[in-house]
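Peer 1: Note that the protein sequences, when read in sequence, are chains A and B. Take 161 as the starting number for the first sequence in this note's numbering and just add one per residue. Take 14 as the starting number for the second sequence in this note's numbering and just add one per residue. C-beta: ideal position from N, C-alpha, C; glycine also.
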Amino acid sequence: MDFTPNPDHEAIAEAVDRVCAQYDDTYWMEKDDKHEFPWEFYKSMAEGGWLGIVIPEEYGGGGQGITEGAIVLNRIAASGAGMNGCTALHLTMFGLNPVVKFGNDQLKDTFLPRAAAGDLHVAFGVTEPDAGTDTSRITTRAVEDGMGGWIVSGRKIWTSKALESEVVLLLVRTDGEPGQGFGGLTLFLADLNRDYCDIRPIPKVGRNAVASCEVFYDEMPVDGWRMVGERGKGFHHILHGLNPERILLANVACGIGEAAIRRAVNYANERSVFGRLIGANQAISHPLAQAHMQLKAAMQMAALAAWRYDNGLECGEQANTAKYLAAEASYFAADQALQTHGGLGYASEYHVERYWREARLQRIAPVSQEMTCNFIAQNVLGLPRSY
Amino acid sequence: MNVVVCVKQIPDPADPGALDPGTKTLKRDVKLILDESDTYGVEMALQLVDKAGEGSVHLVSMAPNNERSGLATALAMGAASATLISDPALLGSDALTTAKLLAAAIGERDGVDLVISGSESSDGYTGTVPTQIAAVLDLPSITAAKAITVDGGQVQIQRQTNAGYDDVTCSLPCVVSVTAGVVEPRYPSFKGIMAAKSKPVDERTAADLGFDAGQVGWAGAGQEIVDIAAAPARSAGEVVEDDGESYTKVIEFLENLKVI
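Structure (structure tokens):
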């Protein structure tokens, strides 16, 4: 085992910290309040070349692994930007992974250089109102138009960043019927053509700088070359990206927890009640210490999962474990930060309530804690499938 | 346009620094970072070279333990190469010795048009090194520059003063120390960080630069640190009860600070 600090990783973290330092908590509070996309922040990250760091070098990217990409997202989240900052660029950074792995040359040549430059906004259209975790029930359908292309109709929900995005990675049914397994699903990188789709933001608890949307597709034409990988293997192609997604989100969750603890510690070191700093009370300090330890443990598991993925090793257990631990640690940290602030924690100007709203999301997305336990119980412990 | 920028690598000001009671100097055996005040000089140099359309920015730094973390930051910003002076014999060197060593490293290079440095380091604050370098190299020295323009063989400087700034013109080559001025230091980009790894850093010892052990470090220092003491704790602020006229106290306070 070698835990020697990697100078590249330290340099990446420091550089991202510097960029993020320009955008303080007040900036993110305003973006969240006004439901405004953080364009200034996005442009700063694009100019620094950070959006392309996991895109292969042959397409103008940095050719780095999930380990390095995770550092970028962790530092963004820890700056106080949280999910608002990470989701603004997450899909441009990582969403095209199925295109990198399975896409045809025309798709790669057309879109990857633009993603590497931060010039391409990508949305992810998988979830449907009646097909959440049970992806086999997808009903949005693509039918052949007889000229080599496809016509897409249906409805997706929780398509993050649809309002800003030019293209969407769209999982649709080309064959078979809902509930009959995954064989009939196909993946496209389609234009979000506003003439044929209707995009409606979903009012939600937090992360409001980046809208999550309901998207209605009404006979939207898609060229044949926009198919990613093979017909009927769309779910398989997406599956390939699920472990990296869990690793990345674990890093985001831990970053939010770090930001929350930082604010809580500062407050506990300044706020005096009954003639003493509240941080001197173990009822305050012990939960914060516990939160810190839980975050550190989750980060270690996330680092292990990322290392295994980047080295081509099976990482399902580690990625799911990291995601689970990070979500719990993040929420505990944010909740304790809010508790530390007392009534003021409920006020927006102290920012921990924003972290708390975002930390809560970690326990339900991109996969619920319960489904993560199901995975570990069934696939690691060898227990019977429970659903 | 070939510019040399003197940069210092210092302990991170965000971490509480510590003085070594034995040497009575700042402990510098921790990871060092690029002094933020030097980022302005690096940025000015990069802009001047960009504008000239030819030449490069070379860094010169003196640091213990072959430390190069701060150099890596400046190389990631866009500097082309660096000279790192590092030698255990340099421990205890005073400002003048430092200036002589930096000047020797600068003097090794051909075709230097301009030498830029910060006004003073954020850990030592002597503020004397830039002028001393100029004296050793027998070059003109201009301090407190907030803007630099190169025109032919001359440089035009806006030199910060208490009242505003002076316009100064000087022939090249010269040594200019800069303040946190009108430039906004760029952030290292991802590609800049990766490219910095392969940029040349020449390591030089005191002997390489023509100094023997008696001329540098404690032995060569013309000064002695007699004593060190902790900074006094910050005193409580003045509380003014507002009787309707307290604004005059505010004005008086600001006038004393010379900010109005």
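Can you name the residues that DSSP bridges to B/GLN167?
Peer 2: What you label residue 167 of chain B is simply residue 154 of the second sequence in a count that begins at 1. B/GLN167 pairs with B/ASP164, B/SER184.
Peer 1: What does A/GLY435 reach in chain B if we use C-beta pairs closer than 9 Å?
Peer 2: For the purposes of this step, residue 435 of chain A is identified with residue 275 of the first sequence, where counting begins at 1. Under the 9 Å cutoff, chain B gives no residues; its nearest Cβ is about 17 Å from A/GLY435.
Peer 1: Considering only the alpha carbon of each residue, which of A/GLY439, A/PRO404, A/VAL412 lies closest to A/GLU474?
Peer 2: Within the first sequence, residue 474 of chain A is the residue found at index 314, counting from 1. Considering only alpha carbons, the answer is A/PRO404.
Peer 1: From the beta carbon of B/ALA147, is the nearest beta carbon of chain A less than 8 Å away?
Peer 2: Start at 1 with the first residue of the second sequence, and residue 147 of chain B comes out as number 134. Not an interface residue.
Peer 1: Output needed in chain order: residues of the region 81 to 104 of chain B with a Cβ under 9 Å from some Cβ in chain A.
Peer 2: So the close ones are SER82, ALA85, THR86, ALA89.
Peer 1: I'd like the list of long-range same chain contacts for A/GLY417, defined as Cβ closer than 6 Å, with 5 residues on each side in sequence excluded.
Peer 2: Indexing the first sequence from 1 puts residue 417 of chain A at position 257. Counting only Cβ-Cβ distances below 6 Å, and skipping sequence neighbours, we find LEU455, ALA489, SER490, ALA493.
Peer 1: Under the assumption that A/HIS511 contacts A/ASP185 (Cβ atoms under 8 Å), give the Cβ distance between them as a whole number of angstroms.
Peer 2: The residue you call residue 511 of chain A lines up with position 351 of the first sequence. The residue you call residue 185 of chain A lines up with position 25 of the first sequence. With 8 Å as the limit, A/HIS511 and A/ASP185 qualify as a contact, their Cβ atoms being about 4 Å apart.
Peer 1: Taking 8 Å as the CB-CB limit, is A/ILE317 close to chain B?
Peer 2: Indexing the first sequence from 1 puts residue 317 of chain A at position 157. No, because no Cβ of chain B sits closer than 8 Å to the Cβ of A/ILE317.
Peer 1: Given a limit of 7 Å on CB to CB distance, which residues of the region 211 to 236 of chain A reach chain B?
Peer 2: From the region 211 to 236 of chain A, only ILE213, GLY222 have a Cβ closer than 7 Å to chain B.
Peer 1: Could you please give the first and the last residue of the uninterrupted alpha helix (DSSP H) stretch that includes A/GLU477?
Peer 2: Along the first sequence, one-based indexing puts residue 477 of chain A at 317. Looking at the DSSP string, the run of the alpha helix (DSSP H) that includes A/GLU477 is 476 to 501.
Peer 1: Please return the same chain residues whose Cβ sits closer than 7 Å to the Cβ of A/ILE359, not counting the five positions on each side in sequence.
Peer 2: Numbered from 1 along the first sequence, position 199 holds the residue referred to as residue 359 of chain A. Excluding sequence neighbours, A/ILE359 sits near ALA322, LEU323, CYS373, VAL375.
Peer 1: Is the shortest distance between the beta-carbon of B/SER202 and the beta-carbons of chain A less than 8 Å?
Peer 2: Mapped onto the second sequence, residue 202 of chain B falls at position 189. Chain A, which has a Cβ nearer than 8 Å to the Cβ of B/SER202, makes this yes.
Peer 1: How would you write the range of the beta strand (DSSP E) that B/LEU127 sits in, first residue to last?
Peer 2: Within the second sequence, the letter at position 114 stands for residue 127 of chain B. Run containing B/LEU127: 127 to 131, per the beta strand (DSSP E) assignment.
Peer 1: Quick one, which of B/ALA102, B/VAL253, B/PHE266, B/PRO213 has its alpha-carbon nearest B/HIS71's?
Peer 2: Reading the second sequence from its first residue, position 58 is the one you call residue 71 of chain B. Of the candidates B/ALA102, B/VAL253, B/PHE266, B/PRO213, the one whose C-alpha sits nearest the C-alpha of B/HIS71 is B/PRO213.
Peer 1: List the residues of chain B that A/VAL179 touches, going by C-beta distances under 7 Å, in chain order.
Peer 2: Reading the first sequence from its first residue, position 19 is the one you call residue 179 of chain A. The contacting residues are TYR200.
Peer 1: The ligand FAD and B/ILE46: does any heavy atom of the ligand fall closer than 7 Å to the residue's C-beta?
Peer 2: Absence of the ligand FAD is noted for the structure shown, with no ligands found whatsoever.
Peer 1: Ordered along the chain, which non-local residues of its own chain (more than five positions away) have a Cβ less than 6 Å from that of B/LEU116?
Peer 2: To locate residue 116 of chain B, count along the second sequence from 1; it is residue 103. The question names Leu, but residue 116 of chain B in the sequence shown is Ala. Excluding positions up to five away in sequence, the list reads ILE146, VAL149, LEU150.
Peer 1: Report the residue from B/GLU251, B/ALA244, B/GLY257, B/GLU258 whose alpha carbon sits nearest the alpha carbon of B/ALA31.
Peer 2: The residue given as residue 31 of chain B occupies position 18 in the second sequence. Among B/GLU251, B/ALA244, B/GLY257, B/GLU258, the Cα nearest to that of B/ALA31 belongs to B/ALA244.
Peer 1: Would a check of beta-carbon distances place A/GLY208 closer than 8 Å to chain B?
Peer 2: Position 48 of the first sequence, counted from the first residue, corresponds to residue 208 of chain A. So yes, A/GLY208 belongs to the interface.
Peer 1: Return the CA-CA distance between A/GLU509 and B/ILE155, expressed in angstroms with no decimal places.
Peer 2: If you number the first sequence from 1, residue 509 of chain A lands on position 349. If you number the second sequence from 1, residue 155 of chain B lands on position 142. Answer to the nearest angstrom: the Cα atoms are 46 Å apart.
Peer 1: Please report the distance separating the alpha-carbon of A/ARG406 from that of A/GLU530.
Peer 2: Along the first sequence, read from residue 1 onward, the residue named residue 406 of chain A stands at position 246. Along the first sequence, read from residue 1 onward, the residue named residue 530 of chain A stands at position 370. Answer to the nearest angstrom: the Cα atoms are 14 Å apart.
Peer 1: Could you please tell me which residues of the region 204 to 215 of chain B, in chain order, have their CB closer than 9 Å to any CB of chain A?
Peer 2: Hits within the stretch, in order: LYS204, GLY205, ILE206, MET207, ALA209, LYS210.
Peer 1: Going along the chain, which residues of its own chain have a beta-carbon closer than 8 Å to the beta-carbon of A/GLY366, five neighbours each way excluded?
Peer 2: Here residue 366 of chain A is taken as the residue at index 206 of the first sequence, counted from 1. Hits under 8 Å: ASP192, MET243, ARG514, ARG517, GLU518, ARG520, LEU521.
Peer 1: Below 8 Å, can you find three or more Cβ-Cβ pairs linking the region 88 to 101 of chain B to the region 199 to 211 of chain B?
Peer 2: Output reads yes: the region 199 to 211 of chain B touches the region 88 to 101 of chain B.
Peer 1: Give the single residue among B/PHE224, B/LEU84, B/SER184, B/ASP25 whose Cα lies nearest to the Cα of B/ASP126.
Peer 2: Position 113 of the second sequence, counting from 1, holds the residue named residue 126 of chain B. The option with the nearest alpha carbon to B/ASP126 is B/SER184.
Peer 1: Between the region 239 to 259 of chain A and the region 268 to 275 of chain A, can you find at least three pairs of beta-carbon atoms closer than 8 Å?
Peer 2: With a cut-off of 8 Å, the region 239 to 259 of chain A and the region 268 to 275 of chain A count as touching, because enough Cβ pairs lie within range.
Peer 1: Could you say which of B/GLU251, B/LYS262, B/LYS37, B/THR162 lies nearest to B/TRP295 if we only look at CA atoms?
Peer 2: Residue 295 of chain B is absent from the structure shown; chain B starts at 14 and stops at 273.
Peer 1: Examine chain B for any beta-carbon lying closer than 8 Å to the beta-carbon of A/ALA175, and answer yes or no.
Peer 2: Within the first sequence, the letter at position 15 stands for residue 175 of chain A. Chain B, which has a Cβ nearer than 8 Å to the Cβ of A/ALA175, makes this yes.
Peer 1: Smallest Cα separation from A/ARG315: which of A/SER445, A/ASP378, A/ASN539?
Peer 2: On the first sequence, residue 315 of chain A is found 155 positions in, with the first residue counted as 1. Checking every option, the nearest Cα to that of A/ARG315 belongs to A/ASP378.
Peer 1: Does the beta carbon of A/ILE438 come closer than 8 Å to any beta carbon on chain B?
Peer 2: Walking along the first sequence from the start, residue 438 of chain A turns up at place 278. Chain B, which has no Cβ nearer than 8 Å to the Cβ of A/ILE438, makes this no.
Peer 1: To the nearest angstrom, report how far apart B/THR110 and B/ASN15 are at their CA atoms.
Peer 2: Position 97 of the second sequence holds residue 110 of chain B. Position 2 of the second sequence holds residue 15 of chain B. For B/THR110 and B/ASN15, the distance between alpha carbons rounds to 25 Å.
Peer 1: When the cut-off is 8 Å and only beta carbons count, does A/ILE172 lie next to chain B?
Peer 2: Along the first sequence, one-based indexing puts residue 172 of chain A at 12. By this cut-off, A/ILE172 is an interface position.
Peer 1: Taking just the CA atoms, how far does B/THR261 sit from B/GLU4?
Peer 2: Lying before the first or after the last residue shown, residue 4 of chain B is absent from chain B, which here runs from 14 to 273.
Peer 1: Take B/PRO65 and list the residues in its own chain whose beta-carbon comes closer than 8 Å to its own, dropping the five residues that flank it on each side.
Peer 2: Within the second sequence, the letter at position 52 stands for residue 65 of chain B. Before going further, note that residue 65 of chain B is Ala rather than Pro in the sequence given. Around B/ALA65: MET14, VAL163.
Peer 1: Going by beta-carbon coordinates alone, are A/ILE226 and A/ASP470 separated by less than 8 Å?
Peer 2: Taking the first sequence and counting its residues from 1, the one referred to as residue 226 of chain A is at position 66. Taking the first sequence and counting its residues from 1, the one referred to as residue 470 of chain A is at position 310. Yes, they are a contact pair.
Peer 1: For a quick check, are the C-beta atoms of B/ASN79 and B/LEU97 less than 8 Å apart?
Peer 2: Numbered from its first residue, the second sequence carries residue 79 of chain B at position 66. Numbered from its first residue, the second sequence carries residue 97 of chain B at position 84. A contact, by the Cβ cut-off of 8 Å.
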